[in-house]
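Note that the sequence shown covers residues 1 to 187 in the UniProt record's numbering.
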Amino acid sequence: MLFDIESHDYSKVIFSGGIASGKTFLASYLLIKKLIENKYFYEQDTNNFIIGNSIGLLMTNTIKQIEKIYGFLGLDYQKKKSSESFCKIAGLELNIYGGKNRDAFSKIRGGNSAIIYVNEATVIHKETLFEVTKRLRKGKTIIIFDTNPESPAHYFKTDYIENKDVFKTYNFTTYDNLLNSADFIET
Numbered sequence: 001m002l003f004d005i006e007s008h009d010y011s012k013v014i015f016s017g018g019i020a021s022g023k024t025f026l027a028s029y030l031l032i033k034k035l036i037e038n039k040y041f042y043e044q045d046t047n048n049f050i051i052g053n054s055i056g057l058l059m060t061n062t063i064k065q066i067e068k069i070y071g072f073l074g075l076d077y078q079k080k081k082s083s084e085s086f087c088k089i090a091g092l093e094l095n096i097y098g099g100k101n102r103d104a105f106s107k108i109r110g111g112n113s114a115i116i117y118v119n120e121a122t123v124i125h126k127e128t129l130f131e132v133t134k135r136l137r138k139g140k141t142i143i144i145f146d147t148n149p150e151s152p153a154h155y156f157k158t159d160y161i162e163n164k165d166v167f168k169t170y171n172f173t174t175y176d177n178l179l180n181s182a183d184f185i186e187t
């Protein structure tokens, strides 16, 4: 999957599927990889960010995965402080936004972005997600989504996942994550 993304130079990637299938870990890894590879594109005048339901959930889920990956790789990482809305990865600021409310888009409006990670895309307000996609306009851009759509009629499924001309989607199941215990999978 990572080789496929690299060899086709996909810039709009969706990791979709079951809970605990490894989507967040893979999305976080891809984010870090792209940040390091294309650092010179992202250094100046860019609002690169992670957006999810809330900053609290991002800290619990996504940022923990990023910290784990940085620990494995022994790379430079500066944790988000309680008074700040960003962390630093490889010396680059990565802003952290909550996006569940209709007015959340106002936090990102007007910014130029090169790399964006949307965690749990189905819980992001539709107008906010639309605004997020309009921010990609600096250098070598990529947007990474992870999601587990529960409704076949949800706008993210119909407008994004099924839009195969624009978005490359990879599907995962709980069975794909080899770290899941047999007991967990049975439930």
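Ideal Cβ placement from N, Cα and C applies to all residues, glycine included.
Model, not experiment: these values are computed from the prediction.
The secondary-structure analysis by DSSP pairs Phe172 across a beta bridge with Gly17. The DSSP-derived three-state label of Leu30 is helix. Distance between Ile32 and His154, taken at the CA atoms: about 29 Å. Note on the region 85-143: whole beta strand (DSSP E) runs with a minimum of 3 residues are 86-89, 92-98 and 115-118, in chain order. Taking a contact to require three or more Cβ pairs closer than 8 Å, the region 132-149 and the region 108-118 qualify as touching. With fewer than 16 other CB atoms across the displayed protein chains lying within 10 angstroms of its CB, Phe3 is exposed.
Within the same chain, Cβ atoms closer than 7 Å to the Cβ of Lys23 are found at Phe15, Gly17, Asp146 and Phe172, the five residues on either side in sequence being excluded. Just so you know, the alpha carbons of Ile50 and Leu129 end up roughly 12 Å apart.
In this structure, the CA atom of Asn148 is about 17 Å from the CA atom of Lys12.
Between Tyr117 and Ala20 a beta carbon distance of about 19 Å is seen, past the 8 Å cut, so the two are scored as non-contacting. Residue environment: Ala104 is assigned as buried (16 or more neighbouring CB atoms within 10 Å of its CB, all protein chains considered). Excluding residues up to 5 positions away in sequence, Ala20 and Thr174 lie with their Cβ nearer than 8 Å to the Cβ of Phe184 in the same chain. If you draw a straight line from the Cα of Leu58 to the Cα of Gly98, it is about 8 Å long.
Secondary structure note for Ile55: its alpha helix (DSSP H) is the uninterrupted segment Ile55 to Thr60.
Collapsing the DSSP output to three states places Gly71 in a helix. Nearest C-alpha to Lys100 among Gln44, Gly74 and Gly56: Gly56. Under a 10 Å Cβ-count criterion, Asn163 is classified as exposed, with fewer than 16 other Cβ atoms of the shown protein chains found around its own Cβ.
Asp4 has no beta-bridge partner at all, per DSSP. As computed with DSSP, Lys12 is found in a beta bridge with Ile143.
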